[in-house]
Amino acid sequence: MQFNDINYTEAWAGAGEFSVVRLVYEIMNAPKKSLILLDEPETSLHPGAQKELKRFLLDQILRNKHQIVVSTHSHFLFEGLPSKAIKLLYLDDSKIRVKQETVPDEAFFDLGIPPREKIGVLTEDRLASEIARHCCATLGEAIFNRFKFENHPGGAEFIWNRDIPAYSRLNRKNLFVILDGDQNPNVEIPKEGEIERLNKAELGALVDSVSKAKIKTGDDLQYLNYVRDFVFYFPLSIPEDILWSGMKTQHSMLEELARLEEKFPNDTKKRFEELTERSLGRTNFQNVNADEIFNFQKQQIKFISEDTIQQIADFLQKGVI
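Under this note's numbering, the first residue of the sequence shown is numbered 30, with each subsequent residue one higher.
Written as structure tokens, this is what we have:
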């Protein structure tokens, strides 16, 4: 290669530089729709070059419809890829097994790479946080360790009026909000690419419908995009209802639960209060406190339905894909 008065040959090139030039040349001259197998192409390449290599490979896949299979130990090559594109090979009882779909953070974990900044999950109360934490744990240790769960003492009103507007203005893509089902406005927010067609008045009206109040967002479009992508609503009105629904699948509890439903037809919190008293052997004049009720409720989390667990886990998994 010659540029002005400078001659540059392979004798001057490093091992990584030489191999990547050869790789690029071969791929650019490969027939369309080729199957291309690459074994650790990151060898001797610095991180920036590895990222450029990944961009080149993705571009060639789109342009020429190649299928490229890469074996790698470099997180720079698979970071940001969808879970369906990442296969994790691991040792299990002296056998090599393959996990067909793996999010990048799970692969990072197996490579011994320290987790990135944690993703925050904000809920209305500590029972909601405990339910979200339980559902997240079903995604595996690597993903579970990416999250931290917190509840806001100010409840839903404070979250709607203060937190969500602030998070949207700051574009906090590492912070999710889970609200009780009774906060769900059941208003469809247009997807990206469509919502931009709304005028200022239409955006303002949509904000009012979503938040159930007139609030100052600072940027209605950004606020609505945040709510659509980063706010989730429990499938039932309150966390206690989620537990109660799961407990009703346990035949040994049906008679007692039916009695309490008749006694407190519209108050799941009261039902749990009396259940806690009975479980602790309290008399009618010995009240239970909030911590005792919460500890009893945590024991019932194991009965949450698989469908509810899947809904919450799917929402959280968006944060690590």
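Beta carbons are placed, not taken as given, at the ideal position from N, Cα and C, and that holds for glycine. Every value quoted in this text rests on a predicted model; they were computed, and no experiment measured them.
A direct Cα-to-Cα measurement between Glu159 and Leu91 gives close to 43 Å.
Remark: C-beta atoms of Asn200 and Lys147 do not approach each other more closely than 9 Å. Excluding residues up to 5 positions away in sequence, Glu153 and Asp154 lie with their Cβ nearer than 8 Å to the Cβ of Gly184 in the same chain. Taken atom to atom, the span from the alpha-carbon of Leu253 to that of Phe187 is near 17 Å. In this chain, the alpha helix (DSSP H) harbouring Phe105 covers His104 to Phe107. Taking a cut-off of 8 Å for Cβ pairs, the segment 168-181 and the segment 231-251 do not touch, as fewer than three such pairs fall below it. Taking a 10 Å sphere around the C-beta of Leu64, we find fewer than 16 other C-beta atoms and assign the residue as exposed. The C-alpha of Ser274 is placed about 13 Å away from the C-alpha of Lys298.
The Cβ atoms of Pro219 and Thr337 lie no closer than 9 Å to each other. A direct Cα-to-Cα measurement between Leu52 and Lys128 gives close to 28 Å. When C-beta atoms of the segment 162-171 are compared with those of the segment 205-225, fewer than three pairs fall below 8 Å, so the two segments do not count as touching. Within 10 angstroms of the beta-carbon of Gln326 lie 16 or more other beta-carbons, which makes it buried. Boundaries of the beta strand (DSSP E) harbouring Gln96: Gln96 to Ser100, taken from the DSSP string.
Straight-line measurement puts the Cα of Pro76 at about 59 Å from the Cα of Leu286. Bounds of the alpha helix (DSSP H) holding Asp258 are Asp249 to Phe259. Every unbroken stretch of the beta strand (DSSP E) spanning 3 or more residues and falling wholly within the segment 193-248 is given here in chain order: 204-208. The DSSP-derived three-state label of Lys299 is helix. As for any beta strand (DSSP E) of minimum length 3 sitting wholly inside the segment 55-95, the runs are 64-68, ordered along the chain. The shortest C-alpha to C-alpha distance from Ala342 to any of Lys116, Tyr262 and Ile115 is the one to Tyr262.
If the five residues before and after Phe105 are omitted, its C-beta is found closer than 8 Å to the C-beta atoms of Glu71, Pro76, Gln79, Lys80 and Lys83, all from its own chain and listed in chain order. In the DSSP assignment, Thr337 falls within the alpha helix (DSSP H) that extends over Glu335 to Gln346.
Inter-residue distance for Ala59 and Ile271 is about 55 Å (C-alpha atoms, whole angstroms). Scanning Ile172, Leu168, Leu227 and Val50 for the CA closest to the CA of Glu335 turns up Leu168. When DSSP states are grouped into helix, strand and coil, Phe314 belongs to the coil group.
If you keep only unbroken alpha helix (DSSP H) runs of at least 4 residues inside the segment 108-160, you get 133-139. Using a 10 angstroms sphere on the CB of Gly109, the tally of other CB atoms stays under 16, which defines it as exposed. In this structure, Ile267 lies away from Asp320, with their beta-carbon atoms at least 9 Å apart.
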